Amino acid sequence: MQLYHDGTPFFLQREGDIARVFLEAEPAIEQGWAVGYLHGASSYTELKPYGDGRWVAEMPVTHHQKFHYRFKVIVNGRVWWLNQAGVSPSAPSVLQDFSFSSKEPPVWVRNRIFYQIFPDRFKIGEPGIRVQKGQYRYTDKEVETREWDELPRPETGYMEFYGGNLEGIRQSISYFQELGINALYLNPIFESPSAHKYDTQDYHRIDPHFGSNEGFAKLVDELHEQDIRVMLDGVFNHTGDWHRWMNKAGRYEEPGAYQSENFRQYYNYSGENPDDYLSWLGFSTLPKLNYAHHEVRGQIYANPDSVIRFWLKAPYNIDAWRLDVASMIGSEGTDKDNKQILAELWEAARETKPDTYILGEQFGDATLWVQGGVEDATMNYFAFMSPTWSFLADQDHKGHPTKLDAREYAEALTRPLSHLPFNHQLAAFNLLDSHDVKRFATVCPDLAKRKLGVALLFGFIGVPCIYYGDEIGLEGADDPDNRRTMPWDDRARWDSEIYQWYRTWIQLRHQEVALREGSFRILHAEGDHLVFERRYGNERVLILMTRGTPLQHDLSGSWTDLISKESLEGPVRISSTGVRILKQTV
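Note that full-length UniProt numbering has the sequence shown beginning at 1, numbered continuously upward.
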């Protein structure tokens, strides 16, 4: 018996107070219902035959933030249920029901391929504005400068500057186009004394060593002209201790929280002394903001000139915010009121620019945040990157020994998905690495397996993000080694095979609507072997892979290999570590 439903327009159509839902069933059902939840009670709507093994029901729906539903059918005299967890003989948990939200991610996101840039290490475009050696002191150390081909040093990583800037990004627009990138995620670019810039000094000013506010506005304009969207990194859990609200270094005439009662309510204190402020993970340079104080909410997102609104509006017109340590933002030195604060921030962003994308940074399970109106997505360490490392490189994101076979890997992918509304699945922010973890090329030095990782990044449901340099095989261990410079002038260091592989999968992603907007379903997962389907209406894309042992999979009907262009029927084989991507249009 097979029952199938997904959240694409071919199976779910919403019109006002009605949701038309379709179910595929084989063999034919004797009786069935779409079961929704209306005004606190179950609502049964009978399924009616629609033809070609499809059944339809028109359910009444509410306009509350989230509506969830499942199917109940009778086949051969026995009841079966279907929700996102699959088919079950008993009533399943409501937490894994099909669902949709009235507060959904923007549609533009699902058609994007993001490219993450750590600006200081990406490209020097304007040498005259770079930090000079010894220009200032921070944390009792003089700032350092490095030559472009030198490796970062752990003892001075956050205080050493290479000179990358916004002009370097502007000069790389043709490179983004060649690669197929149509969205940028920039690590922090606001004024800050460190190289990483997670210690914000001024939320309304581009760091002068990166460029200027005017230059950034022009950069966004040029990127938008080429249909490249822009996401900024917002550090709103804490400021830097140089920020005027704290003013620990006394760089501003107006006293800050360190010198007086001025702005003291912006932060959290454990005692009366100036140094008794609470900070992020105990780092004294990162005093934690207190959202119990209404002025903090006003400054960050509520006021007309708040940080969130300032950069979304003209002349800057950014498209998205990534929220650093999103789940830690809160009141009174904790994460108290976290979801309420993030929901208010989400509303403020949407009020300012209705198609803003709000991405949260969380390493753990963030499904409770991604149900509509809090975060549109989370950086998918938990439900994509970490299990992918464990499947291909025998370790998790912490580097702890964790080996998953294909069945365990499939479960790690699908279990969190089953808790999300479908349109939030399409907006999931998938990555193989970032500035906060080792680079994938270091974690997975086996090129054949690394190519499987790339196929998974572009084949899995959600939005792919490439960390700069991954496409050329750039390596890097823990921070700051994972923040090496992009070797523009040393093409001998570029891995041409992995570069072409990335380009191939980027092109496939742009070409195939099923990879961007289709449903995701595991068809086979055992040992080294994984087979999954992306489906959008009559279009089916099949991705088959093995991480070692030979794989044979029997095809039903005629298929085309999207890379080799070969026509296929019957059994398809992969003899050793590798992947194939096939397409069938019914």
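Built from N, CA and C at the ideal position, the CB exists for glycine as well.
The structure displayed is predicted, hence computed values, not measured ones.
Can you confirm whether the stretch 87–106 touches the stretch 45–55 when touching is taken to mean that 3 or more C-beta pairs between the two stretches lie within less than 8 angstroms? Using a Cβ-Cβ distance cut-off of 8 angstroms, the stretch 45–55 and the stretch 87–106 are not in contact, since fewer than three pairs of beta carbons, one from each stretch, lie closer than that value.
Are Met159 and Tyr136 touching if we call contact CB-CB under 8 angstroms? Locating residue 159 in the sequence shown gives position 159, where the first residue counts as 1. Locating residue 136 in the sequence shown gives position 136, where the first residue counts as 1. Going by C-beta atoms, Met159 is not nearer than 8 angstroms to Tyr136.
With a threshold of 7 angstroms on Cβ separation, who are the neighbours of Phe310 within its own chain once the five nearest residues in sequence on each side are excluded? Taking the first residue of the sequence shown as position 1, residue 310 is located at position 310. His204, listed in sequence order.
In terms of residue numbering, what span does the beta strand (DSSP E) encompassing Asn83 cover? Residue 83 sits at position 83 when you count from the first residue of the sequence shown. In the DSSP assignment, Asn83 falls within the unbroken beta strand (DSSP E) covering Arg78 to Asn83.
Sheet register partners of Trp321 (DSSP bridge): Sequence index remark: in the sequence shown, residue 321 carries index 321 (1-based). Answer is Leu232 and Ile358.
Only counting runs of 3 or more residues, tell me where the beta strand (DSSP E) segments fall wholly within the stretch 273–354, in order along the chain. Whole beta strand (DSSP E) segments, 3+ residues: 320–323.
Is it a yes or a no for the stretch 149–169 touching the stretch 259–273, going by three-plus beta-carbon pairs under 8 angstroms? The stretch 259–273 and the stretch 149–169 do not touch, with fewer than three beta-carbon pairs separated by less than 8 angstroms.
State the start and end residues of the unbroken beta strand (DSSP E) segment that holds Tyr175. In the sequence shown, counting from the first residue as 1, residue 175 sits at position 175. Unbroken run through Tyr175 is the alpha helix (DSSP H), Ile173 to Leu179; no beta strand (DSSP E).
Whole-angstrom Cβ separation of Tyr536 and Val513, contact assumed at under 8 angstroms? What you label residue 536 is simply residue 536 of the sequence shown in a count that begins at 1. What you label residue 513 is simply residue 513 of the sequence shown in a count that begins at 1. Yes, Tyr536 and Val513 are in contact; Cβ-Cβ is about 5 angstroms, under 8 angstroms.
Consult DSSP for Val220 and reduce its assignment to one of helix, strand or coil. One-based indexing of the sequence shown puts residue 220 at position 220. In this structure, Val220 counts as helix in the three-state DSSP scheme.
Alpha-carbon to alpha-carbon, Phe114 and Leu542: The residue given as residue 542 occupies position 542 in the sequence shown. The residue given as residue 114 occupies position 114 in the sequence shown. Distance between the alpha carbons of Leu542 and Phe114: 23 angstroms.
What are the boundary residues of the alpha helix (DSSP H) that includes Lys449? For the purposes of this step, residue 449 is taken as the residue at position 449 of the sequence shown. First-last of the alpha helix (DSSP H) with Lys449: Leu447 to Gly459.
Cα-Cα separation, Gly7 to Asn423: Here residue 7 refers to the residue found at position 7 when the sequence shown is read from its first residue. Here residue 423 refers to the residue found at position 423 when the sequence shown is read from its first residue. Cα to Cα, Gly7 sits roughly 7 angstroms from Asn423.
Would you identify the three-state DSSP class for Asp6, choosing helix, strand or coil? Stepping through the sequence shown from its first residue, residue 6 is reached at position 6. Annotated three-state conformation of Asp6 is coil, per DSSP.
Looking at C-alpha atoms only, which residue of Leu359, Val579 and Glu517 is the closest neighbour of Trp501? As a working note, residue 501 is residue 501 in the sequence shown. Residue nearest to Trp501 within the set Leu359, Val579 and Glu517 is Val579 (criterion: CA-CA distance).
Use the C-beta contact count for Gln40: other C-beta atoms within 10 angstroms, 16 or more gives buried, fewer gives exposed. In the sequence shown, residue 40 corresponds to position 40, counting from 1. The identity of residue 40 in the sequence shown is Gly, whereas the question assumes Gln. Around the C-beta of Gly40, fewer than 16 other C-beta atoms lie within 10 Å, and the residue is accordingly described as exposed.
On the criterion of 16 or more Cβ atoms from any shown chain inside 10 Å, does residue 600 qualify as buried, or is it exposed? Since the first residue shown for the chain is 1 and the last is 586, residue 600 is missing from the structure and cannot be characterised.
Can you name the start and end residues of the beta strand (DSSP E) that Ala525 belongs to? Here residue 525 refers to the residue found at position 525 of the sequence shown. In the DSSP assignment, Ala525 falls within the unbroken beta strand (DSSP E) covering Ser519 to Glu526.
Between which two residues does the beta strand (DSSP E) harbouring Thr585 extend? Numbered from its first residue, the sequence shown carries residue 585 at position 585. Here the beta strand (DSSP E) through Thr585 covers Gly578 to Thr585.
Distance, Glu126 Cα to Pro255 Cα: One-based indexing of the sequence shown puts residue 255 at position 255. One-based indexing of the sequence shown puts residue 126 at position 126. Roughly 35 angstroms between the two C-alpha positions.
How long is the line joining the alpha carbons of Arg14 and Glu104, rounded to whole angstroms? By 1-based counting over the sequence shown, the position of residue 14 is 14. By 1-based counting over the sequence shown, the position of residue 104 is 104. About 14 angstroms.
Continuous beta strand (DSSP E) assignments of at least 3 residues falling wholly in the stretch 359–435: Counting only unbroken stretches of 3 or more residues, the beta strand (DSSP E) elements lying wholly within the stretch 359–435 are 429–431, in sequence order.
Using DSSP with H/G/I as helix, E/B as strand and the rest coil, what is Leu508? Your numbering for residue 508 matches position 508 in the sequence shown. Leu508: helix per DSSP, three-state reduction.
With DSSP as the reference, label Gln31 as helix, strand or coil. Against the sequence shown, residue 31 aligns to sequence position 31. Annotated three-state conformation of Gln31 is strand, per DSSP.
Give a yes or no on contact between the stretch 212–231 and the stretch 273–285, applying the rule of three or more CB pairs nearer than 8 angstroms. The stretch 212–231 vs the stretch 273–285: no contact.
Using C-beta distances below 8 angstroms, list every residue in its chain close to Lys48, excluding the 5 sequence neighbours before and after it, in chain order. By one-based count along the sequence shown, residue 48 stands at place 48. Taken in chain order, the residues that qualify are Trp55, Val56 and Ala57.
Thr485 vs Arg121 beta-carbon contact at 8 angstroms: As a first step, residue 485 is located in the sequence shown; it is residue number 485 there, counting from the start. As a first step, residue 121 is located in the sequence shown; it is residue number 121 there, counting from the start. Taking 8 angstroms as the Cβ cut-off, Thr485 and Arg121 qualify as a contacting pair.
Cβ atoms of Phe384 and Phe460: under 8 angstroms apart, would you say? Here residue 460 corresponds to residue number 460 of the sequence shown, with the count starting at 1. Here residue 384 corresponds to residue number 384 of the sequence shown, with the count starting at 1. Their beta carbons are under 8 angstroms apart, which means Phe460 touches Phe384 by this criterion.
Under DSSP, the beta strand (DSSP E) around Thr560 begins and ends at which residues? Walking along the sequence shown from the start, residue 560 turns up at place 560. Note, Thr560: beta strand (DSSP E), Trp559 to Asp561.
How close, in whole Å, do the beta carbons of Asp337 and Tyr291 come, if the pair is a contact with beta carbons under 8 angstroms? Along the sequence shown, one-based indexing puts residue 337 at 337. Along the sequence shown, one-based indexing puts residue 291 at 291. Indeed, because the Cβ distance is near 6 angstroms, the residues count as touching under 8 angstroms.
Using only alpha-carbon positions, find the residue among Gln96, Leu95, Lys123 and Pro401 that is nearest to Gly164. As a first step, residue 164 is located in the sequence shown; it is residue number 164 there, counting from the start. If we check each option's Cα against that of Gly164, Lys123 comes out closest.
In the DSSP assignment, what residue or residues form a beta bridge with Asp554? Working through the sequence shown from its first residue, we reach residue 554 at position 554. DSSP lists Pro571 as partners of Asp554.
Pull the bridge partners of Ala25 from the DSSP assignment, please. Sequence index remark: in the sequence shown, residue 25 carries index 25 (1-based). In the DSSP secondary-structure assignment, Ala25 is bridged to Leu3.
Is DSSP giving Ile472 helix, strand or coil here? As a position in the sequence shown, residue 472 is number 472, starting the count at 1. Residue state, collapsed to three classes: helix.
Any idea what DSSP makes of Gly53, helix, strand or coil? The sequence position of residue 53 within the sequence shown is 53, counting from 1. Reduced to three states, the DSSP call for Gly53 is coil.
Reducing DSSP to helix, strand and coil, say where Gly134 ends up. For the purposes of this step, residue 134 is taken as the residue at position 134 of the sequence shown. The three-state secondary structure of Gly134, taken from DSSP, is coil.
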